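Novice:
2 protein chains.
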Amino acid sequence: MKPLEKIQTYLVSQQIDAAFITSPDNVFYFTGFRSNPHERLLGVVIFKEKTPLIICPKMEVPDALAAGWSGDIVGHQDTENAWDIFAETIKEKVGNIQTLAIEKAHITVERLEAITDRFPAIEVSRIDGKINDLRVIKSEEELVNMRKAAELADFAIEVGCKEIIEGKTELEILNAIELAVKEKGAFQMSFDTMVLSGPKTASPHGTPGDRKIQKGDFILFDLGVVYNGYCSDITRTISFGEPTAKMRDIYETVRRAEETAIQAVKPGVTAMELDKTARDIITEAGYGDYFTHRLGHGLGISVHEFPSITGVNDMKLEVGMVFTIEPGIYHPDITGVRIEDDVVVTKDGVEVLTKFPKELIIL
Amino acid sequence: MKPLEKIQTYLVSQQIDAAFITSPDNVFYFTGFRSNPHERLLGVVIFKEKTPLIICPKMEVPDALAAGWSGDIVGHQDTENAWDIFAETIKEKVGNIQTLAIEKAHITVERLEAITDRFPAIEVSRIDGKINDLRVIKSEEELVNMRKAAELADFAIEVGCKEIIEGKTELEILNAIELAVKEKGAFQMSFDTMVLSGPKTASPHGTPGDRKIQKGDFILFDLGVVYNGYCSDITRTISFGEPTAKMRDIYETVRRAEETAIQAVKPGVTAMELDKTARDIITEAGYGDYFTHRLGHGLGISVHEFPSITGVNDMKLEVGMVFTIEPGIYHPDITGVRIEDDVVVTKDGVEVLTKFPKELIIL
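Which chain is which? The protein sequence lines are A and B, in order. Quick note on numbering: full-length UniProt numbering labels position 282 of the first sequence as 282, and the sequence is numbered without any gaps. Quick note on numbering: full-length UniProt numbering labels position 325 of the second sequence as 325, and the sequence is numbered without any gaps.
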């Protein structure tokens, strides 16, 4: 059963007239149509029984059809009130709906008011959890795309390593990586590529700049590539010149934490157990205060999605879940190190999508 | 008076206890701190009388301080409930607030519920309009950044023109542009750069790909550069090889519409009058059906902000407003052409920020 039909089944079981889905990633998940509408109205209305409906800017109607959409579609122009068109189209199609499921974690208060102004008696419920339950388990078709996205991420790290030459800036290395990825095809990066060197590695969210790399630096790459709408996300830290003993110790601690956590992945283990596996190793090595973020995050159409691998999430891992494992130590006086892979939970344990080596590379 | 103080004055005048501002662009506007928190909680609470407060992920606290923030700040970790920290901090600081202004066009239904769960008696109002009123008028300091962003956009178009060689793909040209911009410094593009050629110019929202440019193509560049947090946005369409008479006619019609609209910019003119100025020229030339979008959009910290230059907006232009003027004709059988500049309303009329020539360039 396709995701869209699963939502219809859910609506029937819950006696909900329709679901209105407006986050671009979820619209893509259910329709195959990828669009960034900025402030304009884009959404798919899934009805209990009738044909589903896309509402989008009129100029994007051809793009939705080209993406293979075979349901109903209505376009709106900048000179029209999109919410009036939304309400009229629904009323024509199914009459005055009584119950509507929305994405409460995405839809704004203003938009909900635009709906309740036009359907004053409507009862609103949340559909987020149901959609997350579907998206969190990847189909084989989705995994094919994610494997390819991960392969491209491995390639990007390889390019990054080849670009390491004394005196180059972080940005020059970053540009060379992105150019090489784009030359392989019309790929987007999953997020702003990160190339950080020396002391800048100690900031988990640093910004690449014109710092020139120099011997003795650790260099941290964090990047991802989008393939057919699916994201990868990888981090590798390498050494430019001989590292000090303390730098080595931090590197090997992170590596051990990362590899041990990966080995612990299997159905039935909870997210918090997994987080603890890595965190305990780092804490026992004396670096606990410097591992300041969760172990990982779900990955798929969005670069951050469910499940969240934190110390407070008691959700059990299931076959088909995809997430990152990315412990880090950010020591302001020594160096930062993060190592990150994308993994899938399998019947027998784990499949690691990103494959770039993790032995400390010294260039 | 600084924007943050203007909001405090507004809160006092309206007897509102606090404003909670969560959109990253507005947080940057009021605090100077630029962050993309993904799903994590980031916001600034502006109180009627007390020192304002940033709440953000704990690992970003140093970044906020480095950005010059001198108010209060509280960090939250992934293992903590950020909303509990939000509520506790506010209660410690000012007690049980009764009234709160929020950005209804940004805050999600889920987040509002997280607030009302913790402040059940709270009365919520919208602050969006007030913030838009502030942001829509640029200060001289903001204009300095926008002039520089526009200069970088002009430079990017110049690079694009130099890269036009038979057989190059749209993506190769795009990459060369972005590389050249980045080499000037650590600049971000305002949005995904667009390089479209031949028939692809007829799609207002097309995606650059591996199509090779060939003689007889029009080539459309749409791009922008971010400087110190401020965006530019420019479009130029050039001819590779000799254009046909029909292509020339479309080009000159768009150019005439664009230049006439720019000449019409001055305080007191309405957005809809401006839209009509350009649209009438295109309609009279017989291409009205192929100009499928509004004339322009506001520009600043966001690449799309207020004011919206549409046929239904009766807002009067005021000194200090910045927006794009970007008429286009998208003829599926001939070509697409769009020309776009960024303009500021001045006391005497208009200042055009983007300066790249508009005579049809034939390469």
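C-beta atoms are modelled at their ideal positions from N, C-alpha and C, and glycine is treated no differently. Note that the structure is predicted; figures quoted are calculated from it, not measured.
With 16 as the cutoff for other CB atoms within 10 Å, does residue 78(A) come out buried or exposed?
Specialist: The residue you call residue 78(A) lines up with position 78 of the first sequence. By the 10 Å Cβ count, residue 78(A) comes out buried.
Novice: Compute every distance between the C-beta of residue 239(A) and the non-hydrogen atoms of the ligand COA, then say whether any falls below 7 Å.
Specialist: Ligands displayed in this structure: none; no statement on the ligand COA is therefore possible.
Novice: Identify the continuous beta strand (DSSP E) that holds residue 218(A) and give its terminal residues.
Specialist: Sequence index remark: in the first sequence, residue 218(A) carries index 218 (1-based). Start and end: 217-223.
Novice: Going along the chain, which unbroken runs of the beta strand (DSSP E) with 3 or more residues stay wholly within the stretch 279-340 of chain A?
Specialist: DSSP runs (the beta strand (DSSP E)) wholly in the stretch 279-340 of chain A: 296-298, 305-309, 322-325, 328-330, 336-338.
Novice: Are the C-beta of residue 289(B) and some C-beta of chain A separated by less than 8 Å?
Specialist: If you number the second sequence from 1, residue 289(B) lands on position 289. No, residue 289(B) lies away from the interface with chain A (no Cβ there is under 8 Å from its Cβ).
Novice: With 8 Å as the threshold, decide whether the Cβ of residue 294(A) is near any Cβ in chain C.
Specialist: In the structure shown, chain C does not exist; the protein chains are A and B.
Novice: Whole angstroms are fine: how far does the CA of residue 354(B) sit from the CA of residue 242(B)?
Specialist: Along the second sequence, one-based indexing puts residue 242(B) at 242. Along the second sequence, one-based indexing puts residue 354(B) at 354. One C-alpha to the other measures close to 26 Å.
Novice: Quick check on this structure: which residue in 24(B), 164(B), 16(B), 169(B) has the alpha carbon closest to the alpha carbon of residue 98(B)?
Specialist: Walking along the second sequence from the start, residue 98(B) turns up at place 98. Taking only the C-alpha atoms, the option nearest residue 98(B) is 16(B).
Novice: Bridge partners for residue 124(B) per DSSP, in chain order?
Specialist: For this step, residue 124(B) is matched to residue 124 along the second sequence. Paired residues: 100(B).
Novice: Among 101(B), 1(B), 317(B), 244(B), which has the Cα closest to the Cα of residue 298(B)?
Specialist: Translated into positions along the second sequence, residue 298(B) becomes position 298. Selected option, being the one with the closest Cα: 317(B).
Novice: For residue 329(A) versus residue 262(A), is the C-beta spacing smaller than 8 Å?
Specialist: Residue mapping note: residue 329(A) aligns to position 329 of the first sequence, counting from 1. Residue mapping note: residue 262(A) aligns to position 262 of the first sequence, counting from 1. Their beta carbons are not under 8 Å apart, which means residue 329(A) does not touch residue 262(A) by this criterion.
Novice: With a threshold of 8 Å between beta-carbons, can residue 209(A) be considered close to chain B, or not?
Specialist: The count along the first sequence starts at 1 and reaches residue 209(A) at position 209. So yes, residue 209(A) belongs to the interface.
Novice: Of all Cβ atoms in chain B, is any one closer than 8 Å to the Cβ of residue 130(A)?
Specialist: Translated into positions along the first sequence, residue 130(A) becomes position 130. Taking Cβ atoms only, chain B never reaches closer than 8 Å to residue 130(A), which makes this a no.
Novice: At a cut of 8 Å, does the stretch 110-119 of chain B reach the stretch 346-360 of chain A through at least three beta carbon pairs?
Specialist: No, the stretch 110-119 of chain B is not in contact with the stretch 346-360 of chain A.
Novice: Quick check on the DSSP output: the beta strand (DSSP E) that includes residue 194(B) runs from which residue to which?
Specialist: Taking the second sequence and counting its residues from 1, the one referred to as residue 194(B) is at position 194. Start and end: 194-197.
Novice: Chain A beta carbons: is any one of them nearer than 8 Å to that of residue 171(B)?
Specialist: Position 171 of the second sequence holds residue 171(B). Closer than 8 Å to some Cβ of chain A, the Cβ of residue 171(B) qualifies, so yes.
Novice: Grab the span of the alpha helix (DSSP H) containing residue 255(B) for me, first residue to last.
Specialist: For the purposes of this step, residue 255(B) is taken as residue 255 along the second sequence, with counting starting at 1. Its alpha helix (DSSP H) spans residues 245-264.
Novice: If you compare alpha carbons, which of 269(B), 40(B), 28(B), 1(B) is closest to residue 111(B)?
Specialist: Locating residue 111(B) in the second sequence gives position 111, where the first residue counts as 1. Of the candidates 269(B), 40(B), 28(B), 1(B), the one whose C-alpha sits nearest the C-alpha of residue 111(B) is 40(B).
Novice: Would you check if the distance between the CB atom of residue 32(A) and the CB atom of residue 75(A) is smaller than 8 Å?
Specialist: Residue mapping note: residue 32(A) aligns to position 32 of the first sequence, counting from 1. Residue mapping note: residue 75(A) aligns to position 75 of the first sequence, counting from 1. Not closer than 8 Å, so no.
Novice: Is residue 109(A) close to chain B? Criterion is C-beta to C-beta, closer than 8 Å.
Specialist: For the purposes of this step, residue 109(A) is taken as the residue at position 109 of the first sequence. Yes, because at least one Cβ of chain B sits closer than 8 Å to the Cβ of residue 109(A).
Novice: Can you give, in chain order, each stretch of the beta strand (DSSP E) that sits fully within the UniProt domain "Creatinase N-terminal" (4-137) of chain A and has at least 3 residues?
Specialist: Correct list: 18-21, 43-47, 53-57, 72-76, 99-102, 123-126.
Novice: Leaving aside the five residues before and after residue 100(B) along the sequence, list all residues of the same chain whose C-beta is less than 8 Å from its C-beta, in chain order.
Specialist: As a working note, residue 100(B) is residue 100 in the second sequence. Closer than 8 Å at Cβ, skipping near neighbours: 16, 17, 18, 19, 20, 115, 119, 122, 123, 124, 125.
Novice: Got a sec: which bits of the stretch 300-312 of chain A sit with their beta carbon under 7 Å from any beta carbon on chain B, in order along the chain?
Specialist: Answer in chain order: 304, 310, 311, 312.
Novice: Which residue's Cα is closest to the Cα of residue 210(B): 34(B), 311(B), 197(B)?
Specialist: Within the second sequence, numbered from 1, the residue matching residue 210(B) stands at position 210. Of 34(B), 311(B), 197(B), the residue nearest in Cα terms is 197(B).
Novice: Using a Cβ-Cβ cut-off of less than 8 Å, list which residues of the stretch 175-197 of chain A approach chain B; keep chain order.
Specialist: So the close ones are 175, 178, 179, 182, 183, 185, 186, 188, 192.
Novice: Just the C-alpha distance for residue 55(A) and residue 81(A), rounded to the nearest angstrom, thanks.
Specialist: Taking the first residue of the first sequence as 1, we reach residue 55(A) at position 55. Taking the first residue of the first sequence as 1, we reach residue 81(A) at position 81. Distance between the alpha carbons of residue 55(A) and residue 81(A): 12 Å.
Novice: Going by Cα to Cα distance, which pick from 221(B), 314(B), 104(B), 50(B) is closest to residue 90(B)?
Specialist: As a first step, residue 90(B) is located in the second sequence; it is residue number 90 there, counting from the start. Closest option to residue 90(B), Cα to Cα, is 50(B).
Novice: Put residue 272(B) into one of helix, strand or coil per three-state DSSP.
Specialist: In the second sequence, counting from the first residue as 1, residue 272(B) sits at position 272. Three-state result, residue 272(B): helix.
Novice: Compute the distance between the beta-carbons of residue 273(A) and residue 339(A), then report whether it is under 8 Å.
Specialist: As a working mapping, residue 273(A) is identified with position 273 in the first sequence. As a working mapping, residue 339(A) is identified with position 339 in the first sequence. The answer is no: Cβ separation not under 8 Å.
Novice: Report buried or exposed for residue 189(A), applying the criterion of at least 16 other Cβ atoms within 10 angstroms of its Cβ.
Specialist: Taking the first sequence and counting its residues from 1, the one referred to as residue 189(A) is at position 189. Buried, because 16 or more other Cβ atoms sit within 10 Å of the Cβ of residue 189(A).
Novice: Can the beta-carbon of residue 231(B) be found less than 8 Å from the beta-carbon of residue 363(B)?
Specialist: The sequence position of residue 231(B) within the second sequence is 231, counting from 1. The sequence position of residue 363(B) within the second sequence is 363, counting from 1. No, the pair does not count as a contact, with Cβ atoms beyond the cut-off.
Novice: Along chain A, in chain order, which residues have C-beta atoms closer than 7 Å to that of residue 60(B)?
Specialist: As a working note, residue 60(B) is residue 60 in the second sequence. The contacting residues are 205.
Novice: Which runs of the alpha helix (DSSP H) fall wholly inside the stretch 156-217 of chain B and span at least 4 residues, in chain order?
Specialist: Entirely contained in the stretch 156-217 of chain B, the alpha helix (DSSP H) runs reaching 4 residues are, in chain order, 170-183.
Novice: Go ahead and pull the three-state DSSP assignment for residue 364(B).
Specialist: Only positions 1 to 363 of chain B appear in the structure, and residue 364(B) is not among them; the question remains open.
Novice: According to DSSP, is residue 154(B) part of a helix, a strand, or is it coil?
Specialist: For the purposes of this step, residue 154(B) is taken as residue 154 along the second sequence, with counting starting at 1. DSSP places residue 154(B) in helix when its eight states are reduced to three.
Novice: Counting C-beta neighbours from all protein chains within 10 Å, is the total for residue 234(B) 16 or more, i.e. buried, or is it exposed?
Specialist: Here residue 234(B) refers to the residue found at position 234 when the second sequence is read from its first residue. Classification for residue 234(B): buried.
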